[in-house]
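*Asks:* Using my numbering, you'd call the opening residue of the sequence shown number 481 and step up by one each time. Each residue gets a CB set at the ideal place from its N, CA and C atoms; glycine is no exception. Bear in mind the structure is a predicted one, so any value in this text is a computation, not a measurement. Here it is: the structure, laid out below.
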Amino acid sequence: GAPDLAVEVVSPSDTSTEVEEKVIDWLDAGTRMVIVVNPRKRSVSVYRGLAAKLLTENDTLSGEEVIPGWSVPVKDLFTLFGER
Numbered sequence: 481g482a483p484d485l486a487v488e489v490v491s492p493s494d495t496s497t498e499v500e501e502k503v504i505d506w507l508d509a510g511t512r513m514v515i516v517v518n519p520r521k522r523s524v525s526v527y528r529g530l531a532a533k534l535l536t537e538n539d540t541l542s543g544e545e546v547i548p549g550w551s552v553p554v555k556d557l558f559t560l561f562g563e564r
């Protein structure tokens, strides 16, 4: 079966259409939550079924429904991926 959580980090060569297709594929397969990290835009998109939410560096990403107790400040993700 599909994983409960999928994370996609957008690379400079990815087109928005390619990323959207990946998200749709994950959700269609039954993934409950898809996180798309865009280092270039310094944003995170969170998809839960048909609902999407855009987070910025001032927000906190919570994956509580798939990983109990897990949350991380969005700005920390960019430090993790080497983007300052």
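For my contact list, Ile515 and Val490 are in at a C-beta cut-off of 8 Å; report their separation, rounded to the angstrom.
*Replies:* About 11 Å; that fails the 8 Å criterion.
*Asks:* Which residue spans inside the stretch 507-561 form an unbroken alpha helix (DSSP H) run of at least 4?
*Replies:* DSSP runs (the alpha helix (DSSP H)) wholly in the stretch 507-561: 554-560.
*Asks:* Applying the criterion that 16 or more other CB atoms from any shown protein chain within 10 Å of the CB defines a buried residue, is Thr511 buried or exposed?
*Replies:* So Thr511 ends up on the buried side.
*Asks:* State the CB to CB distance for the pair Gly543 and Met513, rounded to an integer number of angstroms; the pair is presumed to be in contact (CB under 8 Å).
*Replies:* Confirmed, about 6 Å.
*Asks:* Going by alpha carbons, who is nearest to Trp550 out of Ser496, Ala532, Leu541 and Tyr527?
*Replies:* The candidate whose alpha carbon is nearest that of Trp550 is Leu541.
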